[in-house]
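Participant:
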Amino acid sequence: MDDSDDIVKEFLVESYENLDRLDRDLITLEKNPNDREVLASIFRTIHTIKGTSGFLAFDKLGAVAHVGESLLGRLRDGHLLLDREITSALLATVDAVRRMLANVEATGVEGERDDSALIARLTGLQRVSEAPRQMEAPSDLRAVAAAAGASPATGSPEPGTREIGRSEIGRTEARSPRITIEEAMPAAPTPAPAMGMEQSAAPLAEVADGQRVQQAAPGPSAADRTIRLDVGLLDQLMNLVGELVLARNQILQFANSTEESGLLVTSQRLNLITTELQEGVMKTRMQPIGNIWSKLPRTVRDLAVGCGKQVRVEMEGQETELDKTLIEAIKDPLTHLVRNSVDHGIERPEVRQAAGKNPEGRLSLRAFHEGGQVNIEIADDGAGLDQARIRDKAVQKGLISADQAARLTDREIVNLVFLPGFSTAEKVTNVSGRGVGMDVVKTHIEKIGGTVDLQSKPGEGVMVRMKIPLTLAIIPALIVTSASERYAVPQVSLLELVRVEARGERKGIEMIHGAPVYRLRGRLLSLVYLNRELKVGTKAGDAAEPASRSGIELSTARERNDLDGPAVNIVVLEADGRQFGLVVDEINDTEEIVVKPLSKHLKSISVYAGATIMGDGKVALILDVLGLAQGSRILAEGREHIQADPAQATAEVANGKQKLVLFTGPGGGAHGGAADTAGTSRKHSGIAGRARRQSMGDAIPGADSSADSRQSCARGAAASAAWRRCAVVANHRDAAGAGARKRTSVLRTGGEPDSRHRRKHARTPHSIDAGRRAALLGDRGAGGRVAGCSCPAARRRTVRTGGGHWGQDLGPKT
Amino acid sequence: MTSARQYCTFYLNHLLFGVESQKIQEVVTYRELRPVPLAPPVVSGLMNLRGQVVVALELRRQLELPDRPANMPPVCLVVHAAGGAVCLLADEVGNVVDVEEETFEPSPETLSPRLRSVILGVHKLEHELMHVLDTDQACEVQALSKGQSSEA
Chain A
255 MDDSDDIVKE FLVESYENLD RLDRDLITLE KNPNDREVLA SIFRTIHTIK
305 GTSGFLAFDK LGAVAHVGES LLGRLRDGHL LLDREITSAL LATVDAVRRM
355 LANVEATGVE GERDDSALIA RLTGLQRVSE APRQMEAPSD LRAVAAAAGA
405 SPATGSPEPG TREIGRSEIG RTEARSPRIT IEEAMPAAPT PAPAMGMEQS
455 AAPLAEVADG QRVQQAAPGP SAADRTIRLD VGLLDQLMNL VGELVLARNQ
505 ILQFANSTEE SGLLVTSQRL NLITTELQEG VMKTRMQPIG NIWSKLPRTV
555 RDLAVGCGKQ VRVEMEGQET ELDKTLIEAI KDPLTHLVRN SVDHGIERPE
605 VRQAAGKNPE GRLSLRAFHE GGQVNIEIAD DGAGLDQARI RDKAVQKGLI
655 SADQAARLTD REIVNLVFLP GFSTAEKVTN VSGRGVGMDV VKTHIEKIGG
705 TVDLQSKPGE GVMVRMKIPL TLAIIPALIV TSASERYAVP QVSLLELVRV
755 EARGERKGIE MIHGAPVYRL RGRLLSLVYL NRELKVGTKA GDAAEPASRS
805 GIELSTARER NDLDGPAVNI VVLEADGRQF GLVVDEINDT EEIVVKPLSK
855 HLKSISVYAG ATIMGDGKVA LILDVLGLAQ GSRILAEGRE HIQADPAQAT
905 AEVANGKQKL VLFTGPGGGA HGGAADTAGT SRKHSGIAGR ARRQSMGDAI
955 PGADSSADSR QSCARGAAAS AAWRRCAVVA NHRDAAGAGA RKRTSVLRTG
1005 GEPDSRHRRK HARTPHSIDA GRRAALLGDR GAGGRVAGCS CPAARRRTVR
1055 TGGGHWGQDL GPKT
Chain E
5 MTSARQYCTF YLNHLLFGVE SQKIQEVVTY RELRPVPLAP PVVSGLMNLR
55 GQVVVALELR RQLELPDRPA NMPPVCLVVH AAGGAVCLLA DEVGNVVDVE
105 EETFEPSPET LSPRLRSVIL GVHKLEHELM HVLDTDQACE VQALSKGQSS
155 EA
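Read top to bottom, the protein sequences are chains A and E. With the working numbering, letter number 773 in the first sequence gets 1027, and the count goes up by one each step, no holes. With the working numbering, letter number 137 in the second sequence gets 141, and the count goes up by one each step, no holes.
1. Excluding sequence positions up to five away, which residues of its chain have a Cβ less than 7 Å from the Cβ of Ala821 (chain A)?
2. Do the stretch 709-716 of chain A and the stretch 730-739 of chain A meet, that is, are 3 or more Cβ pairs less than 8 Å apart?
3. Using a C-beta to C-beta distance shorter than 7 Å, which residues of chain E count as neighbours of Val822 (chain A)?
4. As a quick exercise: from A:Val825, A:Leu617 and A:Lys850, pick the residue whose alpha carbon is nearest that of Asp843 (chain A).
5. Using a C-beta to C-beta distance shorter than 8 Å, which residues of chain E count as neighbours of Asn493 (chain A)?
6. Spell out the partners DSSP gives Asp71 (chain E) in its beta bridges.
7. Spatial neighbours of Thr528 (chain A) within its chain, please: CB distance less than 7 Å, with the 5 preceding and 5 following residues excluded, ordered by chain position.
8. DSSP on Ala821 (chain A), reduced to helix/strand/coil?
9. Could you tell me how far apart the beta carbons of Glu284 (chain A) and Thr347 (chain A) are, in whole angstroms, since I believe they sit closer than 8 Å?
10. Where does Arg665 (chain A) sit, in a helix, a strand or coil, going by DSSP?
11. Just to confirm, is the Cβ distance from Val47 (chain E) to His855 (chain A) under 7 Å?
12. Verify the CB distance criterion: does Ala8 (chain E) have a CB-CB separation below 7 Å to chain A?
13. If I follow the unbroken alpha helix (DSSP H) through Asn99 (chain E), where does it start and stop?
14. Mark Glu631 (chain A) as exposed unless 16 or more other C-beta atoms lie within 10 angstroms of its C-beta, in which case mark it buried.
15. Can you grab the Cα-Cα spacing for the pair Thr299 (chain A) / Val485 (chain A), in whole Å?
16. Listing by chain order, which chain A residues have their CB less than 7 Å from the CB of Ala43 (chain E)?
17. Quick one, are the C-beta atoms of Ser595 (chain A) and Asp640 (chain A) less than 7 Å apart?
18. Give me the Cβ distance between Ala343 (chain A) and Leu379 (chain A), rounded to the nearest whole Å; I'm assuming they're in contact under 8 Å.
19. Going by beta carbon distance, what residues of the same chain come within less than 8 Å of Ser140 (chain E), once the five residues before and after it are set aside?
20. List the endpoints of the continuous alpha helix (DSSP H) containing Asn842 (chain A).
21. Less than 7 Å separating the beta-carbons of Phe672 (chain A) and Asp693 (chain A)?
22. Would you kindly report the start and end of the unbroken beta strand (DSSP E) that includes Met540 (chain A)?
23. Taking the continuous alpha helix (DSSP H) assigned at Arg118 (chain E), which residues delimit it?
24. Classify Gly885 (chain A): buried if its beta carbon has 16 or more other beta carbons within 10 angstroms, exposed otherwise.
25. Give the straight-line distance between the Cα atoms of Leu335 (chain A) and Leu325 (chain A), rounded to the nearest whole angstrom.
26. Please tell me whether Arg38 (chain E) has its Cβ less than 7 Å away from any Cβ of chain A.
27. For the stretch 365-379 of chain A, which residues have a beta carbon sitting closer than 9 Å to at least one beta carbon of chain E?
28. Taking only beta carbons into account, state which residues of the stretch 871-889 of chain A come closer than 9 Å to chain E, listed in chain order.
29. Could you check which residue in E:Arg118, E:His131, E:Thr33 and E:Val136 has the C-alpha nearest to that of Leu81 (chain E)?
30. The stretch 534-545 of chain A: which residues have C-beta closer than 8 Å to a C-beta of chain E, in chain order?
31. Kindly give me the distance between the Cβ atoms of Glu24 (chain E) and Tyr11 (chain E), rounded to whole angstroms, as I take these residues to be in contact under 8 Å.
32. CB Thr13 (chain E) to CB Leu20 (chain E), shorter than 7 Å?
33. From Gly951 (chain A) to His590 (chain A), what does the alpha carbon distance come to, in whole angstroms?
34. If you measure beta-carbon to beta-carbon, which residues of the stretch 58-79 of chain E are closer than 8 Å to chain A?
35. Would you mind sorting Arg947 (chain A) into buried or exposed? The rule is 16 or more other CB atoms within 10 Å of its CB.
36. Do the CB positions of Thr306 (chain A) and Val292 (chain A) come within less than 7 Å of each other?
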């Protein structure tokens, strides 16, 4: 009894809030009847009220909401355009619902009012839409409205499940910016039976409304322990805490300069309390992604049962924290992708068995931080996408021309599914196939500044990767100093730290035609000087380039030792699967930082991912490791477009052809993926990297140098405590997603290169000048032809050599 | 464009400028800015404004005036712009003035088109001319050429 009272109370509170918003939304909509987002928001609100009242057996309420919903459904489908009458009728509905709720609150029942007039009015409005509107309708309606005003009412047709499914996408951002602090809420108290009933009442809405269900029907204890807060309030608190931190710092400085022991003690306490307060406030906004994932297994199960499939859901990285607003924003796209995977991706058990797969399909969800972003991967081991069909379909639908289609790479083809209106489904199911899905997913992810990428391997499945920016997220970062300014390097990109002393290991830094490289455990690591990249200071490395422009011969760093200062700090980073060393003036410490977005004035500078405020109140810039790598030609610019299909490469390797898959840098340089044997002399085979590489069909063990972090730190003569800490953190990180990053061009060799040579060969560093790189490549091409590698702007390049070995003499032997 | 309005005034290189007072969020004393390498010259740096990172733009550069002498600390006018708060650096702040529409005259054609988009016109005050600044334009920074960061 008490339980149901609480449920009703929750329902009332929530409904009142929703109704207030409905009033506003309706008015907004009247002014701008084409605003689909507002319309969708209204629709959802009414739908929620209908669903919940059905569950609570408030039949009259449900009936009113139902007609209102039907009318809205017609509006949303564009059969009807909102005008004043409809708005009035809808507002009357809101009033009727509100009155009934008031009655429920006071007496526990809906009241004896007769709502049939309102229901008739709403139903009438729907019919009007079917035929051209008649002139007398308004007066009739006004009469009805008068009646309705005296006694509010109800009634209604069926909105149909089709619209509901579609409205789910887009549901989140329209929701009012509220946050429910549910961390304290134990999972158990939601009464299971209540859940079941709700679901049967509104089966299709349950996914998106799952959270709502929880809010509507929590056990008594949970309700007492959670409160709803305006996100704006949290933002305000966060800013105030920021100010407090500044004041605290000043007081600390002041206290340290006095002899007053009382002040010292007090300020120390202030210090501790402030720190804890800061952490606490920050935490309020963060939620583990597991919160939304936890709803998915149920969705998958229901779908799988519906389609006669067996699907197992695997999750990794549930604890990855995301800002609440981002969590909300990705919820629907995520649900959609999962549905897609189950409906289209994973085959029926018999088909799977015939293909030699486990009859039970696997759907894996992975989340992790990388490159200052949160990556979410949704992968299935289904049939993969049918590229030929996608291409044909796209041409057939006029989305691309046949001519364009012929030029697309496999990877570009699979990404056609993101085009608006694209669907290959032969028949429309209630789950997917209407062609509104993937483009909506893409739009929604892009709206929050993220990206979506799709990879498919025929017969092996599809992986969709979303990269979500971590705006407002708190990330661990390494603070470095360059030209006396501090920069934060996201820890996720960090592999290890190396300090090269003036004596001893100094000889480790060598030059390949002016491009500095460092021998890290025998492997050459391209170096990028932060000062030079940012064009600040002139401390390190500036002398290198002009000195070496003239010749092709190798120069060594020994010749210019004195220019580099006493010691060199190298931060070994990984961006998009490529490693490089960032040379900075000083390495400070690791810190948890709050990422603040950069204003639009600075968005175009790709080397920054954002800014942060340091403990002392000063602003520091967060480096974008990817942008930095691109800027320094470690990675190709516009690498999204230089993507050959890794599956194809794999297939050809399997065919026994000798094939090297290379990354092209803007300098036309090549390295990467399957070319690990040839391009780099990766000697350290880690464990973490291996599985993923193999999963991409590459049998070569991947190097995971984070496994060597500690070792290398110890090597650095002056490895400070901070360094060691970083290294350990770096060590724990997952060697993230190497498999997905094979953006490749292809290099064929006519003959079998001598593997001994290949092992010793070190690739030309990508930081080297484009022209010189081309020359170097061409020079050692053994009669080969170097095509198009000198133009940094070239998007797609194929580097071919006519035959024989290439480059076996270049680079130091290891 | 103008009617009886209230303007917040400030000086730049001895010229009087005015910004509609409701566009101004606050005026704060100069605090240390974090320079941003590779940013356009008009971006002086980033400022911590009570926990918000706000970009500071040098109005003198924006208006093609000579740089401020090193010994003159600027003041920060925090204005509401399209993308959020932006801090505009000026020499010193003046009074808040009420002006009538009649005293307004548009910028002369002899002004460069770029400046004319930023300076809407002048109000003829009793003793001097007050340049009316379009804050949205003043907060615009020409986009960097795309390759800039990769030329290193």
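In this text, a Cβ means the ideal position worked out from N, Cα and C, and glycines have one as well. Model, not experiment: these values are computed from the prediction.
Facilitator: Straight from the coordinates:
1. Here residue 821 (chain A) refers to the residue found at position 567 of the first sequence. Same-chain partners within the cutoff: Arg753, Val754, Glu755 and Ala756.
2. no
3. The residue given as residue 822 (chain A) occupies position 568 in the first sequence. The contacting residues do not exist; Val822 (chain A) stays about 18 Å from chain E at best.
4. Position 589 of the first sequence, counted from the start, is the residue given in the question as residue 843 (chain A). The candidate whose alpha carbon is nearest that of Asp843 (chain A) is A:Val825.
5. The sequence position of residue 493 (chain A) within the first sequence is 239, counting from 1. What Asn493 (chain A) touches in chain E: Arg54, Gly55 and Gln56.
6. One-based indexing of the second sequence puts residue 71 (chain E) at position 67. Looking at the DSSP assignment, Asp71 (chain E) forms no beta bridge with any residue, so it has no partner.
7. What you label residue 528 (chain A) is simply residue 274 of the first sequence in a count that begins at 1. Taken in chain order, the residues that qualify are Leu498, Val499 and Arg502.
8. As a first step, residue 821 (chain A) must be located in the first sequence, where it is residue number 567. Note: Ala821 (chain A) maps to coil in three-state DSSP.
9. Residue numbering aside, residue 284 (chain A) sits at position 30 when the first sequence is read from its first letter. Residue numbering aside, residue 347 (chain A) sits at position 93 when the first sequence is read from its first letter. Rounded, the Cβ-Cβ distance is 14 Å, inconsistent with contact.
10. Residue 665 (chain A) sits at position 411 when you count from the first residue of the first sequence. Note: Arg665 (chain A) maps to helix in three-state DSSP.
11. Within the second sequence, numbered from 1, the residue matching residue 47 (chain E) stands at position 43. Within the first sequence, numbered from 1, the residue matching residue 855 (chain A) stands at position 601. Yes; because the gap between Cβ atoms is below 7 Å, this pair is in contact.
12. In the second sequence, the residue the question calls residue 8 (chain E) occupies position 4. No - not a single Cβ of chain A is within 7 Å of the one on Ala8 (chain E).
13. Taking the second sequence and counting its residues from 1, the one referred to as residue 99 (chain E) is at position 95. Not the alpha helix (DSSP H): Asn99 (chain E) falls in the beta strand (DSSP E), residues Glu96 to Val103.
14. Taking the first sequence and counting its residues from 1, one reaches residue 631 (chain A) at position 377. Under this definition Glu631 (chain A) is a buried residue.
15. Position 45 of the first sequence, counted from the start, is the residue given in the question as residue 299 (chain A). Position 231 of the first sequence, counted from the start, is the residue given in the question as residue 485 (chain A). The alpha-carbon atoms of Thr299 (chain A) and Val485 (chain A) are separated by roughly 20 Å.
16. For this step, residue 43 (chain E) is matched to residue 39 along the second sequence. Residues of chain A passing the Cβ test: Leu856 and Ile859.
17. Stepping through the first sequence from its first residue, residue 595 (chain A) is reached at position 341. Stepping through the first sequence from its first residue, residue 640 (chain A) is reached at position 386. Cβ atoms of Ser595 (chain A) and Asp640 (chain A): not closer than 7 Å.
18. Position 89 of the first sequence, counting from 1, holds the residue named residue 343 (chain A). Position 125 of the first sequence, counting from 1, holds the residue named residue 379 (chain A). That pair is a contact at about 6 Å.
19. Residue 140 (chain E) sits at position 136 when you count from the first residue of the second sequence. One detail in the question is off: residue 140 (chain E) reads as Asp in this sequence, not Ser. Closer than 8 Å at the Cβ level, and outside the excluded window around Asp140 (chain E), lie Ala85 and Ala86.
20. On the first sequence, residue 842 (chain A) is found 588 positions in, with the first residue counted as 1. First-last for Asn842 (chain A): Glu840 to Val848, but that is the beta strand (DSSP E), not the alpha helix (DSSP H).
21. Within the first sequence, residue 672 (chain A) is the residue found at index 418, counting from 1. Within the first sequence, residue 693 (chain A) is the residue found at index 439, counting from 1. Result yes, Cβ atoms of Phe672 (chain A) and Asp693 (chain A) sit closer than 7 Å.
22. Taking the first residue of the first sequence as 1, we reach residue 540 (chain A) at position 286. Met540 to Pro542 is the span of the beta strand (DSSP E), which, as asked, contains Met540 (chain A).
23. The sequence position of residue 118 (chain E) within the second sequence is 114, counting from 1. Per DSSP, Arg118 (chain E) belongs to the alpha helix (DSSP H) from Pro117 to Val122.
24. Counting from 1 along the first sequence, the entry for residue 885 (chain A) is found at position 631. It counts as buried.
25. Looking up residue 335 (chain A) in the first sequence gives position 81. Looking up residue 325 (chain A) in the first sequence gives position 71. The straight-line gap from Cα to Cα measures roughly 11 Å.
26. In the second sequence, counting from the first residue as 1, residue 38 (chain E) sits at position 34. Yes - at least one Cβ of chain A is within 7 Å of the one on Arg38 (chain E).
27. none
28. Gly871, Lys872, Val873, Ala874, Leu875, Gly881, Leu882, Gln884, Gly885, Ser886 and Arg887
29. Locating residue 81 (chain E) in the second sequence gives position 77, counting from the first residue. When only C-alpha atoms are compared, the closest one is E:Thr33.
30. none
31. For the purposes of this step, residue 24 (chain E) is identified with residue 20 of the second sequence, where counting begins at 1. For the purposes of this step, residue 11 (chain E) is identified with residue 7 of the second sequence, where counting begins at 1. Correct: roughly 6 Å between the Cβ atoms.
32. Looking up residue 13 (chain E) in the second sequence gives position 9. Looking up residue 20 (chain E) in the second sequence gives position 16. It is a contact, given that the beta carbons lie within the stated cut-off.
33. Position 697 of the first sequence, counted from the start, is the residue given in the question as residue 951 (chain A). Position 336 of the first sequence, counted from the start, is the residue given in the question as residue 590 (chain A). Any reading at Gly951 (chain A) must be qualified, since the residue scores a pLDDT of 33, below 50, and its modelled position is unreliable; the value itself is stated next. Straight-line Cα distance between these residues: approximately 28 Å.
34. Val58, Val59 and Leu61
35. Counting from one through the first sequence, the residue named residue 947 (chain A) turns up at place 693. Its pLDDT being 33, under 50, Arg947 (chain A) is placed unreliably in this model, and the coordinates cannot settle the point.
36. Start at 1 with the first residue of the first sequence, and residue 306 (chain A) comes out as number 52. Start at 1 with the first residue of the first sequence, and residue 292 (chain A) comes out as number 38. Not in contact: Thr306 (chain A) and Val292 (chain A) (Cβ atoms no closer than 7 Å).
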